[in-house]
Amino acid sequence: MTKQFLSVVLLSTTIFFSACTQNTITGKSQLSLISDAEVMAAANTEYKQFLSTNKVLTAGSSDAASVNRVGNRIIAAVKKYYADMGKSAELESYKWEINTVSSKEANAWCMPGGKIVVYTGILPITQNDAALAVVVGHEVTHALASHGKQRMNTGLLQQLGGQALSVALANKPQETQALFNSAYGLGSQYGVMLPFARKDEYEADKFGLMFTALAGYDPREAVKFWQRMSAASGGNQKPPEFASTHPSDANRITQLQSIMDDTISKYYKP
Ligand SMILES: [Zn+2]
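Residue numbers (numbering that gives the first Met the number 0): 0 to 269.
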């Protein structure tokens, strides 16, 4: 089979399957240039690469211990939520992993398949487990809702002429890798910053808040966290995923407050 033919087959298979599956978080089916298998494989590679080129804290350090403790409770809450909805199959391909890297950046992200990184630079702003849960819940929702995949899809369309991911990786590995990292919030090394859309941010906030509550953390910490984040990002030059607040911090806090009582009564069992 020629490469072109293979890509057509891959593409049509992708569109066929995408049209038939519905995302649990967004409730939407989406056409995509990227299949889940492709995106998981790329995420695995990029995650390993990222960890090998950054300072990863050992599990014994107290910062990593906090991140692991909170992250594991969020993951357990997500698994239970999907199980209760009869949607556990959607998480089957997830190989959850949590790592903490030493960095001044106030950032965190989660790649497809549940590959989480928290930067130590965000810990002075989270200050407690509940706020850290808000951060991890937010990032995990981006992954569950395939927000990064949509950004990757847009990037492939806009910058690489709509090539399927596997083809783009074979033809233009460096550009494709840069696009991938940018789509998942790892930074904009190559000047390609694709901010998450406002609705994606709201979705991540809303479901992140729910997972925070389901994990047994007080969701009200989200408001205090965003107030601290807002104050801290005032002097920040580079907008990492967490500071690139597309919805202004004030709008985001207003939205969180508007769903707070409902979230607490439905999901929070301290
Ligand atoms: Zn976000």
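Just so it is clear, CB atoms sit at the ideal spot from N, CA and C, and this is done for glycine as well.
- Contact between L168 and A41 holds, since their C-beta atoms are separated by about 7 angstroms, short of 8 angstroms.
- Selection T125, S61 and N22 evaluated against M84 yields N22 as nearest (Cα-Cα).
- Under the three-state reduction of DSSP output, K78 falls in the helix class.
- Approximately 29 angstroms separates the beta-carbon atoms of S92 and T119; this is outside 8 angstroms, ruling out the contact.
- With respect to the 8 angstroms criterion, V133 and E202 are not classified as neighbours on the basis of their beta carbons.
- Three or more Cβ pairs closer than 8 angstroms define a contact, and the region 121-131 falls short of that threshold against the region 142-162.
- Here Q149 is buried, its C-beta having at least 16 other C-beta atoms within 10 Å.
- Counting C-beta pairs closer than 8 angstroms gives fewer than three between the region 251-261 and the region 157-164, which falls short of the contact rule.
- Here K265 carries a helix assignment [DSSP, helix/strand/coil].
- I73 carries a helical assignment under DSSP once its states are collapsed to helix, strand and coil.
- Per DSSP, A182 lies in no beta strand (DSSP E) segment; the continuous alpha helix (DSSP H) that holds it begins and ends at P172 to A182.
- I73 places its beta carbon 8 angstroms or farther from that of F206.
- Taking 7 angstroms as the cut-off, one finds at least one heavy atom of ligand 1 near enough to the beta carbon of A203.
- Here the alpha carbons of N170 and G136 stand approximately 35 angstroms from one another.
- Of the candidates S247, Y267, K198 and L155, the residue whose Cα lies closest to the Cα of L213 is Y267.
- Residue burial is scored here from C-beta neighbours: A182 has at least 16 other C-beta atoms within 10 angstroms and is therefore classed as buried.
- Going by C-alpha positions, A75 is about 14 angstroms away from V66.
- If you draw a straight line from the Cα of N71 to the Cα of T211, it is about 12 angstroms long.
- Set against 7 angstroms, the gap from the CB of F224 to the closest heavy atom of ligand 1 is not smaller.
- Taking M39 as the centre and dropping the five residues before and after it, the same chain places the C-beta of S92, P111 and G112 closer than 7 angstroms to its C-beta, in chain order.
- Between ligand 1 and the CB of F210, the shortest heavy atom gap is not smaller than 7 angstroms.
- In the three-state scheme derived from DSSP, where H, G and I count as helix and E and B as strand, K94 is classed as coil.
- For Y201, the enclosing alpha helix (DSSP H) begins and ends at R197 to L213.
- Judged by the Cβ position, F179 fails to qualify as a neighbour of ligand 1 at the 7 angstroms threshold, every heavy atom of the ligand being at least this far.
- Under the DSSP assignment, Y118 falls in the beta strand (DSSP E) whose first and last residues are K114 to Y118.
- For M228, no beta strand (DSSP E) run applies; the uninterrupted alpha helix (DSSP H) run containing it begins and ends at E220 to A231, by DSSP.
- By a beta-carbon distance limit of 8 angstroms, D199 contacts H146. Their separation comes to about 4 angstroms.
- Taking the C-beta atoms as reference points, D217 is found nearer than 8 angstroms to A129.
- Distance from N180 to E45 at the Cβ level is roughly 6 angstroms; contact confirmed, criterion being Cβ atoms closer than 8 angstroms.
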